[in-house]
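In the working numbering, the protein residues as written are 43 to 198. Here the structure comes first, spelled out in C-alpha cells, and everything after it is commentary.
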C-alpha cells in the first residue's frame, strides 16, 4: 500500500513539474497576440527579416513582424507588423530592416517622424529602407563603389 502512495505522489510531482514548465514556456514564447494594432510597410528587399522578428523604436521592442508577402504588381515585399496599442506613430515615420550586429538577426527599426497626425491601424509607412546585403556592401568597399569590380575610365 505504501508503495502505491509513493508512486502516486511521484507521478503527481512529475506532472506538476511538467505543467509548470509548459506554463513557463508559454509565457516566454509570446504566442498570445499582443494588445496592439497592425501597420504595413513595403520594401525592395527584406533579406533575413523573419516573421516574429522584433519591431523596435530607439532600440526598445514595441512589437513584432506578423507577416510578409510579395506584391504581384510592384514585386516589392509588403511587411505586416504589430505595434503596442499605447504607442502612436506619426504619419511621416520611417521603417528600416536592420541587423542587430554583424552576424545578428534582422529586425524592423521604426524612426518616428515629427508630423502631428498619427498613423491609424491598417495604414502603411511609406518611408522605408530595405535590408542591406552584406556581400554587396563588402563588394562595394573592395571594388571601389561597384559590385562587379569594373569601373569605366573617367567615371566618378
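Every residue gets a Cβ at the ideal spot worked out from N, C-alpha and C, and that includes glycine.
Straight-line Cα distance separating residue j from residue i
i	j	result
residue 61	residue 93	28 Å
residue 57	residue 163	43 Å
residue 117	residue 84	10 Å
residue 47	residue 98	53 Å
residue 89	residue 137	15 Å
residue 184	residue 59	56 Å
Reference residue i, options the options, closest by Cα
i	options	result
residue 154	134, 139, 148 and 146	134
For residue i, the three-state DSSP class (helix, strand or coil)
i	result
residue 50	helix
residue 92	coil
residue 98	strand
residue 157	coil
Whole-angstrom C-beta distance between residue j and residue i, which should lie under 8 Å
i	j	result
residue 81	residue 161	6 Å
residue 148	residue 172	Contact doesn't hold; Cβ gap of about 11 Å is too wide.
residue 122	residue 140	Residue 122 to residue 140, Cβ: 18 Å. No contact.
residue 78	residue 105	6 Å
For residue i: DSSP bridge partner residues
i	result
residue 170	137
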